[in-house]
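In structure tokens, the structure reads:
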């Protein structure tokens, strides 16, 4: 069922509610596009309002829609005992579910400067970063270099390895969540380096995007996750 | 050590076979300026730097592509080498006033191997639309058969043992300025207005000749 953009927010919410309810009757938890906690233009000039709107309303929405479709098909295949279809659906689930997971984190990783975006981390995360990377600048340099070096589409992450109790920097391809690089990895900060994340503004100059995105990174959120997960 | 002219002779940023504004309004001048002038240029320049002083220096581009593909365990120069090749092939796959249905032997072969041009279009469109992340969709020729192939990132049919005949770049940088997220519209515009079937036919003849001479 296509949901047209001209639908009012109320109608849209109503439709989402109905389809979610219908699928919940059959036992599937489906997903909706999370709202951004700031206006599309609030991250300027680091990330343009145009990019934020398309990134959220088109790209992330498509991952949500396609993930829900894949889950519905998976549910049918599981109930029918159709093993090859279950296996065949795994890539669609990984792509679209991963896209939804990653972008949901990303919106929380960003904040307008008026709300702390760009303010260095304090507390236990700040100390851990200094201990593992020498300084915040050291971490930023490493993540920016690794993000620039991703070939094709992907993400660069600051993560916490819960088992080894240390911070790690890693990259993932396409929409693979960080957990695909290690079961004990918890994402703290993810930076989207798919071209759609920066192209309209920075064109081919990904390093310039990576230089500027730090001005809107929400270290408060990363600290909350770090404190919660490191106990 | 080889002279710089020997190294650079192999790896050249060839201009597309049309002016940068010649594909308007289907593919903008701005897109070509960035896509050819920045992205393609960087692959060529970075490849030159990467092979300088190594045993790959001075080798033909296709040789570098095959050896750095390394059966899927990609070596560092693969990305730049393959992307340099892929982009030159892409420009030559398009022409102003292109697109639509081919004629003659090419149409006959498409009808033979896909049952109709429409079925081929459907398959090529699906491959281009569903290549997740960065990559390419291709019409390729192998074992006297035409087939549609999709590849991730820099991979191309050369390393998969077939002759490329046509390609569409589905990295986001190929369409984002003109179409943003609307990849399906970009693919449709490419098929309707840009494909150079003359180039595809010429490549098919070369592929058939190469196949028969090696058998």
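Protein chains in written order, with my numbering: chain A, 898 to 1128; chain B, 33 to 247. Note that beta-carbon positions come from the ideal geometry of N, C-alpha and C, so glycine has one too.
Do we get a CB-CB distance below 9 Å when we pair residue i with the residues of chain B?
{"i": "residue 988/A", "result": "yes"}
{"i": "residue 951/A", "result": "yes"}
{"i": "residue 992/A", "result": "yes"}
{"i": "residue 955/A", "result": "yes"}
{"i": "residue 973/A", "result": "no"}
{"i": "residue 959/A", "result": "yes"}
{"i": "residue 1108/A", "result": "no"}
Alpha carbon to alpha carbon, what distance is there between residue j and residue i?
{"i": "residue 36/B", "j": "residue 99/B", "result": "At residue 36/B the pLDDT is 40, less than 50, meaning the model places this residue with poor confidence; the figure from the coordinates comes in the next sentence. Answer to the nearest angstrom: the Cα atoms are 22 Å apart."}
{"i": "residue 951/A", "j": "residue 239/B", "result": "42 Å"}
{"i": "residue 148/B", "j": "residue 223/B", "result": "15 Å"}
{"i": "residue 1090/A", "j": "residue 180/B", "result": "29 Å"}
{"i": "residue 1094/A", "j": "residue 1048/A", "result": "15 Å"}
{"i": "residue 192/B", "j": "residue 91/B", "result": "20 Å"}
{"i": "residue 1110/A", "j": "residue 228/B", "result": "41 Å"}
{"i": "residue 1010/A", "j": "residue 981/A", "result": "49 Å"}
{"i": "residue 1096/A", "j": "residue 978/A", "result": "44 Å"}
{"i": "residue 101/B", "j": "residue 1117/A", "result": "43 Å"}
{"i": "residue 150/B", "j": "residue 55/B", "result": "24 Å"}
{"i": "residue 993/A", "j": "residue 107/B", "result": "29 Å"}
{"i": "residue 925/A", "j": "residue 188/B", "result": "39 Å"}
{"i": "residue 111/B", "j": "residue 976/A", "result": "43 Å"}
{"i": "residue 1054/A", "j": "residue 937/A", "result": "23 Å"}
{"i": "residue 215/B", "j": "residue 1046/A", "result": "25 Å"}
{"i": "residue 935/A", "j": "residue 182/B", "result": "38 Å"}
{"i": "residue 1035/A", "j": "residue 1051/A", "result": "22 Å"}
At a Cβ threshold of 9 Å, is residue i touching chain A?
{"i": "residue 82/B", "result": "no"}
{"i": "residue 213/B", "result": "yes"}
{"i": "residue 122/B", "result": "no"}
{"i": "residue 169/B", "result": "no"}
{"i": "residue 105/B", "result": "no"}
{"i": "residue 203/B", "result": "yes"}
{"i": "residue 70/B", "result": "yes"}
{"i": "residue 78/B", "result": "no"}
{"i": "residue 225/B", "result": "no"}
{"i": "residue 102/B", "result": "no"}
{"i": "residue 208/B", "result": "yes"}
{"i": "residue 66/B", "result": "yes"}
Tell me, to the nearest whole angstrom, how far the beta carbon of residue i is from that of residue j; I am working on the premise that it is less than 8 Å.
{"i": "residue 999/A", "j": "residue 1074/A", "result": "6 Å"}
{"i": "residue 1026/A", "j": "residue 1087/A", "result": "About 16 Å; that fails the 8 Å criterion."}
{"i": "residue 125/B", "j": "residue 198/B", "result": "5 Å"}
{"i": "residue 258/B", "j": "residue 145/B", "result": "The structure shown does not extend to residue 258/B, since chain B spans only 33 to 247, so no value can be given for it."}
{"i": "residue 118/B", "j": "residue 168/B", "result": "6 Å"}
{"i": "residue 1113/A", "j": "residue 1015/A", "result": "6 Å"}
{"i": "residue 231/B", "j": "residue 186/B", "result": "In fact, because the Cβ distance is near 21 Å, the residues do not count as touching under 8 Å."}
{"i": "residue 172/B", "j": "residue 134/B", "result": "The Cβ separation is near 16 Å, so there is no contact."}
{"i": "residue 226/B", "j": "residue 59/B", "result": "7 Å"}
{"i": "residue 93/B", "j": "residue 116/B", "result": "7 Å"}
{"i": "residue 1067/A", "j": "residue 1078/A", "result": "5 Å"}
{"i": "residue 76/B", "j": "residue 45/B", "result": "5 Å"}
{"i": "residue 947/A", "j": "residue 205/B", "result": "Rounded, the Cβ-Cβ distance is 17 Å, inconsistent with contact."}
Next item on the list: Report yes or no: do the segment 1082 to 1091 of chain A and the segment 927 to 937 of chain A share at least 3 C-beta pairs separated by less than 8 Å?
Entry: No: the two stretches stay apart, fewer than three of their Cβ pairs being nearer than 8 Å.
Next item on the list: Determine which residues of the segment 1069 to 1102 of chain A have a Cβ less than 8 Å from any Cβ of chain B, and write them out in chain order.
Entry: Going along the segment 1069 to 1102 of chain A in chain order, one finds 1070, 1071, 1072, 1091, 1092, 1093, 1096, 1097, 1100, 1101 with a Cβ nearer than 8 Å to chain B.
Checklist line | the segment 156 to 167 of chain B: positions lying closer than 7 Å to chain A by Cβ | finding: Taken in chain order, the members of the segment 156 to 167 of chain B whose beta-carbon sits within less than 7 Å of a beta-carbon on chain A are 164, 165, 166.
Next item on the list: Inspect the CB distances between the segment 942 to 956 of chain A and the segment 1101 to 1119 of chain A and report whether three or more fall short of 8 Å.
Entry: Contact between the segment 942 to 956 of chain A and the segment 1101 to 1119 of chain A is present, because at least three Cβ pairs lie under 8 Å.
Next item on the list: Indicate whether the contact test is met: 3 or more Cβ pairs, each with one atom in the segment 1011 to 1025 of chain A and one in the segment 967 to 976 of chain A, closer than 8 Å.
Entry: Taking 8 Å as the limit for Cβ pairs, the verdict is that the segment 967 to 976 of chain A does not touch the segment 1011 to 1025 of chain A.
Check: For the 8 Å Cβ check, are there 3 or more pairs between the segment 113 to 131 of chain B and the segment 44 to 58 of chain B?
Finding: Short answer: they touch.
Notebook entry, point to check: Between the segment 180 to 198 of chain B and chain A, which residues of the former have CB atoms less than 8 Å from a CB of the latter, in chain order?
Noted result: Result list: 184, 185, 186.
Notebook entry, point to check: Counting Cβ pairs, one atom from each stretch, are 3 or more of them under 8 Å apart for the segment 218 to 237 of chain B and the segment 148 to 159 of chain B?
Noted result: In the pairwise beta carbon analysis, the segment 218 to 237 of chain B is classified as touching the segment 148 to 159 of chain B: at least three pairs are separated by under 8 Å.
Check: Of all the residues that make up the segment 1039 to 1052 of chain A, which are near chain B by a beta-carbon distance shorter than 7 Å?
Finding: Of all residues in the segment 1039 to 1052 of chain A, only 1048, 1049, 1050 place a beta-carbon less than 7 Å from a beta-carbon of chain B.
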